[in-house]
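Numbering (the numbering used here), first residue to last: 3 to 119.
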């Protein structure tokens with residue numbers, strides 16, 4: 003998988019923007035290590051790029067909600083499953099993340115994601 007996806011300046015890339023112009027479809031739940039991560043495919047209505055959105059929250063812990071999203075190429079899209087979404091995102095050059103776990107800060111990051119308890 004080629005994970006070099008350039009930023010093109012679309013609103014969908016901007017951390018902190020309350021951008022909602024996506025077509026979304028559920029990909030499924032990642033049950034790896036009991037994390038129950040919700041994996042969604044989102045397509046930006048402006049630039050047409052496809053994002054993998056990963057959300058996890060541990061019900062018994064306050065401020066545990068966190069999400070990560072990264073762009074996937076059309077050719078790699080068919081290879082993404084709920085179980086390999088974390089590995090895919092961690093191998094991207096960059097992704098956007100946020101949630102209550104991060105005090106609702108939204109930032110661009112890369113590398114290891116904090117998804118387990």
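Glycine is no exception: its CB is placed at the ideal position from the N, C-alpha and C atoms.
Remember, predicted model here, so these are calculated numbers, not experimental data.
Going by the CB atoms, is the gap between residue 39 and residue 56 shorter than 8 Å?
yes
Any idea what DSSP makes of residue 89, helix, strand or coil?
helix
Within the stretch 60-112, ranges of the beta strand (DSSP E) (whole runs, at least 3 residues)
68-74, 97-100, 109-111
Going by the beta-carbon positions, is the gap between residue 74 and residue 115 smaller than 8 Å?
no
Pick out whichever of 64, 77, 69 has its Cα sitting closest to the Cα of residue 51.
77
Pick from 32, 48, 106: whose alpha carbon is nearest that of residue 11?
48
What is the rounded straight-line gap between the Cα of residue 37 and the Cα of residue 8?
30 Å
Rounded to a whole number of angstroms, what is the C-alpha to C-alpha distance between residue 54 and residue 107?
19 Å
Following a CB-centred definition, is residue 52 positioned closer than 7 Å to any heavy atom of the ligand SAH?
Judged by which ligands are present, the structure shown has none, so any question about the ligand SAH falls away.
With distances taken Cα to Cα, identify the nearest neighbour of residue 33 among 80, 84, 61, 79.
84
Whole-number beta carbon distance between residue 42 and residue 27, since they are thought to touch under 8 Å
7 Å
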